[in-house]
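Below is one structure, written out as structure tokens; comments come after it.
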Ligand SMILES: Nc1ncnc2c1ncn2[C@@H]1O[C@H](COP(=O)(O)OP(=O)(O)OP(=O)(O)O)[C@@H](O)[C@H]1O
Ligand SMILES: [Mg+2]
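Residue numbers (my numbering), protein chains in the order written: chain V, 1 to 86; chain R, 1001 to 1269.
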């Protein structure tokens, strides 16, 4: 990073922050729209179970159901643990 | 065959009515017989923006209830041939619009008009659903701002799942992005989402970019759709938008900060 870039980036570009946040939330909401109605409750249930062992927050868990073809759907569960809680 | 176009957004106050008035007027200017329907039951405003508020006798709900016919209710624009307005009712009964009733009115209008433009109320409730249900195309009005973009995406979800075309398994509604209140200066400073940012996030076709403009307020003050202000930036941007909507290939304008010429810099302006 050049010195010039440093000064440019130190002046906060809030438009970039907005774009990144929107990309994440829009992708999340689209996935949710295209998934079965029970998925949010399933996600909450899984969160509760994990919380019995590790203290995590809702944004650390992602559940999605991806339809591969007519016969197969894959339930994907992603949980990120913070470093100090492993 | 009439084309039904809904002007929608989810978020309130982003420029749906301003855009409906401008685009409807523009379509009529291009020779297409056009009616603009105010779907904002209880909050009639299209009449004010079109400058015909003193000529409202009957309204959309009267027609649905059979208390008046379309001929008595449609307001013919005094400036432009081929342009009509169907005003919203001021009733507080939010359920005054029924799907059957709306369908009947749209079918009758479709016999006579080329374009039926539906000015949607804000939100994602019954009123907004009714405005988009029968649409063939949708103009999704969006401001370059986080909550507006997010709400636009939710409306896109509705268009593809809750519309008649979706329910009957027909070809999906053709979606157009209309970015309004765009301020290139703030985009260059990194304070505002750019056209490309919004396009990338929503991933639908861009039909127009309307700059933030004093001309819009002037237009609404005087009840003249801004597209009739042919010297203004917003008026010209809406005219470009109408041409794109009609399938023409028009380059985008007003996306960058206008470089001030030497004279302007010296004398201001
Ligand atoms: N390009 C623009 N430049 C400046 N002001 C604008 C522009 N577009 C719209 N506005 C202003 O924004 C306000 C809201 O516009 P408008 O009534 O068209 O929004 P709306 O989406 O129809 O609102 P509602 O959701 O309440 O129906 C008005 O005061 C209008 O003058
Ligand atoms: Mg409005």
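Built from N, CA and C at the ideal position, the CB exists for glycine as well. Keep in mind it's a predicted model, so treat the numbers as computed, not measured.
Member of the options whose CA lies at the smallest distance from the CA of residue i
i: residue 1231 of chain R; options: R:1030, R:1215 and R:1055; result: R:1215
i: residue 1005 of chain R; options: R:1205, R:1249 and R:1140; result: R:1140
i: residue 1135 of chain R; options: R:1118, R:1149, R:1125 and R:1241; result: R:1118
i: residue 1114 of chain R; options: R:1168, R:1157, R:1026 and R:1069; result: R:1026
i: residue 1253 of chain R; options: R:1013, R:1137 and R:1209; result: R:1209
i: residue 74 of chain V; options: V:25, V:35, V:22 and V:28; result: V:35
i: residue 77 of chain V; options: V:24, V:39, V:22 and V:27; result: V:39
i: residue 1023 of chain R; options: R:1076, R:1103, R:1178 and R:1101; result: R:1178
Neighbour-count burial assignment, residue i, 16 or more Cβ in a 10 Å radius
i: residue 1133 of chain R; result: buried
i: residue 1176 of chain R; result: buried
i: residue 67 of chain V; result: exposed
i: residue 1172 of chain R; result: exposed
i: residue 1194 of chain R; result: buried
i: residue 1081 of chain R; result: exposed
i: residue 1020 of chain R; result: buried
i: residue 1071 of chain R; result: exposed
i: residue 1238 of chain R; result: buried
i: residue 1224 of chain R; result: buried
i: residue 1217 of chain R; result: exposed
i: residue 1269 of chain R; result: Residue confidence for residue 1269 of chain R is low, a pLDDT of 48 falling below 50, so the modelled location carries little weight and cannot support an answer.
i: residue 1069 of chain R; result: exposed
Reduced DSSP secondary structure (H/G/I, E/B, other) of residue i
i: residue 1102 of chain R; result: helix
i: residue 1182 of chain R; result: strand
i: residue 1286 of chain R; result: Outside the modelled stretch of chain R, which goes from 1001 to 1269, sits residue 1286 of chain R, for which no answer is possible.
i: residue 34 of chain V; result: coil
i: residue 28 of chain V; result: helix
i: residue 66 of chain V; result: strand
i: residue 1080 of chain R; result: coil
i: residue 1146 of chain R; result: helix
i: residue 1167 of chain R; result: helix
Close Cβ partners of residue i (< 6 Å) along its chain, the five nearest in sequence each way excluded
i: residue 1128 of chain R; result: 1120 and 1121
i: residue 1220 of chain R; result: 1049
i: residue 1156 of chain R; result: none
i: residue 20 of chain V; result: none
Cα-Cα separation, residue i to residue j
i: residue 1187 of chain R; j: residue 1251 of chain R; result: 19 Å
i: residue 1107 of chain R; j: residue 1204 of chain R; result: 28 Å
i: residue 63 of chain V; j: residue 44 of chain V; result: 10 Å
i: residue 956 of chain R; j: residue 1154 of chain R; result: One cannot answer for residue 956 of chain R here, as it falls past the ends of chain R, which runs 1001 to 1269.
i: residue 1144 of chain R; j: residue 50 of chain V; result: 39 Å
i: residue 1180 of chain R; j: residue 1016 of chain R; result: 9 Å
i: residue 41 of chain V; j: residue 32 of chain V; result: 12 Å
i: residue 1064 of chain R; j: residue 1163 of chain R; result: 20 Å
Cutoff 8 Å; reference residue i; Cβ partners in own chain excluding five residues on either side
i: residue 1060 of chain R; result: 1037, 1038, 1039, 1041, 1073, 1086, 1087, 1088, 1089, 1097 and 1105
i: residue 1160 of chain R; result: 1166, 1172 and 1173
i: residue 1091 of chain R; result: 1041, 1042 and 1061
Neighbourhood of residue i by C-beta distance below 7 Å, restricted to the same chain and skipping five residues each side
i: residue 1244 of chain R; result: 1207, 1208 and 1250
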